[in-house]
Amino acid sequence: MSDPLATAVVRLHEAGIPDPHTEVRRLDALAREQGKELADLVARRATHEPFSHIAGHRAFWNHEFFVNADVLDPRPDTETLVEAALSLPFDTVLDLGTGSGCILFSILAERPSTTGTGTDISADALTVAQRNADHIGVADRMTLIKSDWFAEVEGHFDLITSNPPYITEAAYAELHPTVHRFEPRIALTPGGDGLNPYRVIAAQAADYLTSEGYVLVEIGFDQGDSVQAIFRAQGWRDVACIPDLNGKDRVIRAKAPQ
Ligand code: GLN
1 MSDPLATAVV
11 RLHEAGIPDP
21 HTEVRRLDAL
31 AREQGKELAD
41 LVARRATHEP
51 FSHIAGHRAF
61 WNHEFFVNAD
71 VLDPRPDTET
81 LVEAALSLPF
91 DTVLDLGTGS
101 GCILFSILAE
111 RPSTTGTGTD
121 ISADALTVAQ
131 RNADHIGVAD
141 RMTLIKSDWF
151 AEVEGHFDLI
161 TSNPPYITEA
171 AYAELHPTVH
181 RFEPRIALTP
191 GGDGLNPYRV
201 IAAQAADYLT
211 SEGYVLVEIG
221 FDQGDSVQAI
231 FRAQGWRDVA
241 CIPDLNGKDR
251 VIRAKAPQ
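Sequential numbering from 1 applies to the sequence shown in the UniProt record's numbering.
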């Protein structure tokens, strides 16, 4: 390795960034691509700013999504929800708390005859989502609404998806600095026991679903039993837990109450 690269590796190692060699290789490629100085990008990464924010995008399912500090970074775990959605029949989909739009636009891109609505309480997140819809080419089949869960939503959908904030107040305090400092708190934790968004969805989603419609929500690995109980208590049918690729509980599927 030449000196600037070796210096960069030492800098990231000292900052506690895991696997600094790989990081420096990626940052070096990015510096060339963006016409920037490697040292400047390394200085940002040394503050634990996520690589995706420095690059400006992150890969999810079949696309690169623009990301910044206004949205949750798309995570591979959430592809479990996309896969589950694509195993169901639907023409219309509502994605609550859409953030970057990674769930909604991945689904719409795979099913050219479908249309979708994405909501978010954050106008800044919706700006990122709009940009992603334009980039992926699904903007003419989707609507974005600024809404606190269902507050501004109208109509009925065949499928409702959501990756809501679900980290408990206590666990949020323990998160890695990269997540804590650079990702929106509002997308990660609803406070308290982390389950309130599921209580809202289980109580209200039936009013926005067609009669045989489904809800799919992402959950934390230890929330499978609690979230299934929340849906069953509201009369949802065929409530099931779908594991992710690591075998951890990741998605709850529920069919509209009769
Ligand atoms: N899976 C994310 C994390 O653990 C949390 C995503 C969310 O709260 N929806 O960082």
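Ideal Cβ positions, reconstructed from N, Cα and C, are used throughout, including at glycine.
Judged by DSSP in its simplified three-state form, L144 adopts strand. Scanning A233, C241 and G235 for the CA closest to the CA of F221 turns up C241. The alpha-carbon of S122 is positioned some 44 Å away from that of D3. Between D95 and T161, the C-beta gap is smaller than 7 Å, which places the two residues in contact.
At a Cβ-Cβ threshold of 7 Å, L41 and L27 count as neighbours. Not one heavy atom of the ligand GLN lies closer than 6 Å to the C-beta of P190. Secondary structure of L96 (DSSP, three-state): strand.
Taking V239 as the centre and dropping the five residues before and after it, the same chain places the C-beta of Q228, F231, R232 and A254 closer than 6 Å to its C-beta, in chain order.
For the pair L126 and D120, the CB atoms are nearer than the 7 Å cut-off. Between R45 and Q34, the alpha-carbon positions lie close to 15 Å from each other. Straight across, the Cα-Cα distance linking T114 with L159 is about 11 Å.
G224 carries a helical assignment under DSSP once its states are collapsed to helix, strand and coil. Inter-residue distance for D91 and I167 is about 31 Å (C-alpha atoms, whole angstroms). C241 is bridged by DSSP to I252. Judged by DSSP secondary structure, L195 falls outside any alpha helix (DSSP H); it is assigned neither H nor E.
Relative to the non-hydrogen atoms of the ligand GLN, the Cβ of I160 never comes closer than 6 Å to any of them.
Ranked by Cα distance from N132, the first of I103, L30 and I186 is I103.
Under the DSSP definition of a beta bridge, T119 partners with L96 and I145.
Counting of Cβ neighbours within 10 angstroms places P190 among the buried residues, the total reaching 16 or more. Counted as a single uninterrupted DSSP element, the alpha helix (DSSP H) harbouring V24 occupies residues P20 to Q34.
Between the alpha carbons of T80 and S52 lies a distance of about 21 Å.
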